[in-house]
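Residue numbers (UniProt numbering), protein chains in the order written: chain A, 1 to 208; chain B, 1 to 208.
Let me begin by presenting the structure, written as structure tokens, before commenting on it.
Number of protein chains: 2
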Amino acid sequence: MTGEPSRPAARRRGRPARAEAAEGPGARERILAAARTEFAERGYDKTSVRGIAKAAGVDAALVHHYFGTKEQVFAAAIELSFTPALTMPDAIAGGAEAGAGERMARFVFGIWENPVSRPPLLAIMRSALTNDTAATVLRGLVERRLLQRVAGELHVPDPEFRAQLAASHLIGIAMLRYVVKMEPMASADLEEIIAMVAPTLQRYLTQP
Amino acid sequence: MTGEPSRPAARRRGRPARAEAAEGPGARERILAAARTEFAERGYDKTSVRGIAKAAGVDAALVHHYFGTKEQVFAAAIELSFTPALTMPDAIAGGAEAGAGERMARFVFGIWENPVSRPPLLAIMRSALTNDTAATVLRGLVERRLLQRVAGELHVPDPEFRAQLAASHLIGIAMLRYVVKMEPMASADLEEIIAMVAPTLQRYLTQP
Chain A
1 MTGEPSRPAA RRRGRPARAE AAEGPGARER ILAAARTEFA ERGYDKTSVR
51 GIAKAAGVDA ALVHHYFGTK EQVFAAAIEL SFTPALTMPD AIAGGAEAGA
101 GERMARFVFG IWENPVSRPP LLAIMRSALT NDTAATVLRG LVERRLLQRV
151 AGELHVPDPE FRAQLAASHL IGIAMLRYVV KMEPMASADL EEIIAMVAPT
201 LQRYLTQP
Chain B
1 MTGEPSRPAA RRRGRPARAE AAEGPGARER ILAAARTEFA ERGYDKTSVR
51 GIAKAAGVDA ALVHHYFGTK EQVFAAAIEL SFTPALTMPD AIAGGAEAGA
101 GERMARFVFG IWENPVSRPP LLAIMRSALT NDTAATVLRG LVERRLLQRV
151 AGELHVPDPE FRAQLAASHL IGIAMLRYVV KMEPMASADL EEIIAMVAPT
201 LQRYLTQP
């Protein structure tokens, strides 16, 4: 599977360029924005290319033209939603290894606590948990764009396994705090959470 | 909300006892089994009382009679699916506090690795992540039947917060390993995972 919009493949479908022009400027961006909203609100299963096209005010054929299949539209949409997370490797690196665990925790919770970046992340989790195609797309994106780069910053055995151990903890906390809203986690002081979790992440990321 | 099947409430709907007899013996159990399967395969949103009744070979009215609303059928179904997890407090207690982290990890992974108990757990996670009513039902069940009892075994500040920190880690690993099937976590040796995670859980569960 590919996480790329795969426009070359789409272009081969050969839709005359004047047709794109007819849709007006920024059609591709409108489609992508509509796709994010549709997937976020309905999840992968209930979202259709037709619905995305309608929300973007374009013809469904143009969605296929730019992105290809529904799976490829989803890939492009979550790649965009994932952009904030893609700088995590830099956050973790930060020169000295000491504090990498806390930096990772603050970075991830910074994204989750942000009302703009949380909904698309929630949508990705929901879709990946309920649809195998969506899970495959997410897996590919994370492996290709995030996991390998994070692992590249680590100097421990099985760096990818270590990175996933750390990530799994943050994912689980996010599920309890932001999705299921289980108390006391849902309303716990973020600093308390970070104080407890940072040493764990630090151990996974740096302890030989 | 209530996590109980609330049969008293349902009984008040007053369906003649002879009608139950007409459905044959074990109708309630058949309905519950059908509900677990339907919710597991379709998730909360796509499951209907009508579909559960059809799968159980009974009249939809009997489902309402025994359990009440769809939400209450779900509550009864996940309470049953949750039964294996309800002995966790005993697993964690086990006398000496030393090793509580490893016992919790082995207990939870024991349930996840079991092909019989995994599907209903997956179904619960999927439903809770995609439907607020399902999340509320799960929250109530966990808080009432599990969290308080686990916390009761701990001798640390904020025992419920500590219990959720430990649980969140295991939930996150389960998501990566069993749901998204992210490598290397998906095929990592379980003993390796436990060796890394147990000390973390031990710290959360016992460190003052």
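Idealized CB from N, CA, C, for every residue including glycine.
Give me the chain B residues within the contact set of residue i, using Cβ-Cβ distance strictly less than 8 Å, ordered along the chain.
{"i": "Gly43 of chain A", "result": "Thr130"}
{"i": "Gln148 of chain A", "result": "Residues of chain B passing the Cβ test: none, with the nearest at roughly 11 Å."}
{"i": "Leu176 of chain A", "result": "Gln164, Ala167, Ser168, Ile171"}
{"i": "Val142 of chain A", "result": "Met182"}
Buried or exposed: which applies to residue i, given that a residue is buried once 16 or more other Cβ atoms fall within 10 Å of its Cβ?
{"i": "Ile193 of chain B", "result": "buried"}
{"i": "Gln164 of chain B", "result": "buried"}
{"i": "Ser187 of chain B", "result": "exposed"}
{"i": "Arg177 of chain A", "result": "buried"}
{"i": "Thr130 of chain A", "result": "buried"}
{"i": "residue 209 of chain A", "result": "Summary: the structure shown does not reach residue 209 of chain A, with chain A confined to residues 1 through 208, and so no result is reported for it."}
{"i": "Thr47 of chain A", "result": "buried"}
{"i": "Ala166 of chain B", "result": "buried"}
{"i": "Arg50 of chain A", "result": "exposed"}
{"i": "Pro184 of chain A", "result": "buried"}
{"i": "Gln207 of chain B", "result": "exposed"}
{"i": "His169 of chain A", "result": "buried"}
{"i": "Gly43 of chain A", "result": "buried"}
{"i": "Leu86 of chain B", "result": "exposed"}
{"i": "Gly172 of chain B", "result": "buried"}
{"i": "Gly110 of chain A", "result": "exposed"}
{"i": "Gly26 of chain B", "result": "exposed"}
{"i": "Glu191 of chain A", "result": "exposed"}
{"i": "Glu71 of chain B", "result": "buried"}
{"i": "Glu29 of chain A", "result": "exposed"}
Could you list which residues in chain A have their beta carbon closer than 8 Å to that of residue i, in chain order?
{"i": "Glu191 of chain B", "result": "Near Glu191 of chain B there are no residues of chain A at all, since even the closest Cβ is about 13 Å away, more than 8 Å."}
So with CB distances below 7 Å, who are the chain A contacts of residue i?
{"i": "Lys70 of chain B", "result": "The contacting residues do not exist; Lys70 of chain B stays about 18 Å from chain A at best."}
{"i": "Thr200 of chain B", "result": "Thr200"}
{"i": "Glu160 of chain B", "result": "Pro184"}
In chain B, which residues lie with their C-beta within 7 Å of the C-beta of residue i?
{"i": "residue 273 of chain A", "result": "Residue 273 of chain A cannot be examined here, being either before or after the span of chain A that is shown, 1 to 208."}
{"i": "Leu86 of chain A", "result": "What Leu86 of chain A touches in chain B: nothing, since even the nearest Cβ is about 17 Å away."}
{"i": "Arg28 of chain A", "result": "Here the premise fails: no neighbours, minimum Cβ distance about 29 Å."}
{"i": "Leu138 of chain A", "result": "Val180"}
Could you tell me which chain B residues have their CB closer than 9 Å to the CB of residue i, listed as they occur along the chain?
{"i": "residue 209 of chain A", "result": "Missing from the structure shown is residue 209 of chain A; chain A here goes from 1 to 208 and no further."}
Cutting at 7 Å between CB atoms, please list the residues of its own chain near residue i, excluding the five before and the five after it.
{"i": "Arg12 of chain A", "result": "Per-residue confidence for Arg12 of chain A stands at a pLDDT of 42, beneath the threshold of 50, marking its modelled position as unreliable; the derived number appears in the next sentence. Contacts found: none."}
{"i": "Val150 of chain A", "result": "Met88, Pro89, Ile92, Ala163"}
{"i": "Ala40 of chain A", "result": "Pro119, Pro120, Ala123"}
{"i": "Val63 of chain B", "result": "Ile31, Val49, Ile52, Ala53, Val73"}
{"i": "Tyr204 of chain B", "result": "Arg162, Leu165, Ala166"}
{"i": "Pro84 of chain B", "result": "Ile111, Ser117"}
{"i": "Ala135 of chain B", "result": "Ala128"}
Can you find the residues in the same chain that come closer than 6 Å, C-beta to C-beta, to residue i, ignoring five residues on each side of it along the sequence?
{"i": "Ala60 of chain B", "result": "Val49, Arg50, Ala53"}
{"i": "Ala35 of chain A", "result": "Ile52, Val73, Ala77"}
Mind pulling the chain A residues with CB within less than 9 Å of residue i?
{"i": "Ala77 of chain B", "result": "The contacting residues do not exist; Ala77 of chain B stays about 17 Å from chain A at best."}
Using a Cβ-Cβ cut-off of 8 Å (strictly less than) and excluding sequence neighbours within five positions of residue i, which residues of its own chain qualify?
{"i": "Met182 of chain B", "result": "Leu176"}
{"i": "Leu138 of chain B", "result": "Ile78, Ile124, Ser127, Ala128"}
Using beta carbons (cut-off 8 Å, strictly below), is residue i in contact with chain C?
{"i": "Ala188 of chain B", "result": "The structure shown has no chain C; the protein chains it does contain are A and B."}
Do the segment 195-207 of chain B and the segment 98-107 of chain B touch if we need at least three Cβ pairs shorter than 8 Å?
-> Yes: at least three Cβ pairs fall under 8 Å.
Counting pairs of Cβ atoms below 8 Å between the segment 84-95 of chain A and the segment 41-61 of chain A, do you hit three or more?
-> By the criterion of at least three beta-carbon pairs nearer than 8 Å, the segment 84-95 of chain A is not in contact with the segment 41-61 of chain A.
With 8 Å as the limit, tell me which residues of the segment 111-136 of chain B have their beta carbon closer than that to any beta carbon of chain A; keep them in chain order.
-> Taking 8 Å as the Cβ-Cβ cut-off against chain A, the residues of the segment 111-136 of chain B that qualify are Met125, Arg126, Ala128, Leu129, Thr130, Ala135.
Would you say the segment 117-125 of chain A touches the segment 144-162 of chain A, given that touching needs at least three Cβ pairs under 8 Å?
-> no
Taking a cut of 7 Å between CB atoms, which residues from the UniProt DNA-binding region "H-T-H motif" (48-67) of chain B lie near chain A?
-> none
Do the segment 135-149 of chain A and the segment 139-153 of chain B make contact, defined as three or more Cβ pairs closer than 8 Å?
-> no
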